[in-house]
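In what follows, a structure is listed as structure tokens, so that the remarks can point back to it.
Below you can see the structure in the form of structure tokens.
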């Protein structure tokens, strides 16, 4: 049930509602006004902490910068969309052509037993002609993960490309055991 307050000046009942700050005329609840008034920008008696200038900072207040150990700051890289390795942006196009040709050669040798889709390079131009390397790298990592996994046509097991030659369909070709 709402509590009514009796205002002696107007002799009327009033619902608790927003209260006006006497310094800035903004509306606050009666609970938040005591928190606001000491910090009000227009309050002449408010204590404000001055922001230290850059030259006056103590060494304790400067937070040390942290860097990723795997990737030094300022070094750009691109991810190959076939194998997933990182390369310098100047070397990536030549590597991708070579890597895609090698992947196709390996897949042609294995395609009777395994199925997979060829990795696709992201070719979406941006409006201003620049390349978003973060977006290209994310797409390349996803394509590389798909390209390196093959599915066996007989047992539907996912097998890494490098282990495809040694794959035995355990469900269809059970191991031979000799008991003596």
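Residue numbers (UniProt numbering): 1 to 180. All C-beta atoms, glycine included, are put in the ideal place defined by N, C-alpha and C.
State buried or exposed for residue i, treating a residue as buried only when at least 16 other CB atoms are found within 10 Å of its CB.
{"i": "residue 119", "result": "buried"}
{"i": "residue 29", "result": "exposed"}
Measure the C-alpha to C-alpha separation of residue i and residue j and round it to an integer number of angstroms.
{"i": "residue 101", "j": "residue 108", "result": "11 Å"}
{"i": "residue 96", "j": "residue 154", "result": "31 Å"}
{"i": "residue 159", "j": "residue 124", "result": "31 Å"}
{"i": "residue 122", "j": "residue 103", "result": "18 Å"}
{"i": "residue 22", "j": "residue 40", "result": "10 Å"}
{"i": "residue 156", "j": "residue 85", "result": "27 Å"}
{"i": "residue 27", "j": "residue 19", "result": "5 Å"}
{"i": "residue 11", "j": "residue 45", "result": "Low local confidence applies: a pLDDT of 49 at residue 11 is under 50, so the model's placement there is unreliable, and no value is given."}
Just verifying my parser: in three-state terms, what is the DSSP assignment at residue i?
{"i": "residue 18", "result": "coil"}
{"i": "residue 10", "result": "For residue 10, the predicted structure reports a pLDDT of 49, less than 50, and the residue's modelled location is therefore unreliable. A value from the coordinates is still provided. Reduced to three states, the DSSP call for residue 10 is coil."}
{"i": "residue 122", "result": "coil"}
{"i": "residue 99", "result": "helix"}
{"i": "residue 38", "result": "helix"}
{"i": "residue 104", "result": "helix"}
{"i": "residue 86", "result": "strand"}
{"i": "residue 151", "result": "strand"}
Kindly say whether residue i, judged by its beta-carbon, lies nearer than 9 Å to any beta-carbon of chain C.
{"i": "residue 118", "result": "Note that chain C does not occur in the displayed structure, where there is just one protein chain."}
> Is the stretch 109 to 117 close to the stretch 79 to 95, with three or more CB pairs under 8 Å?
Replying inline: no
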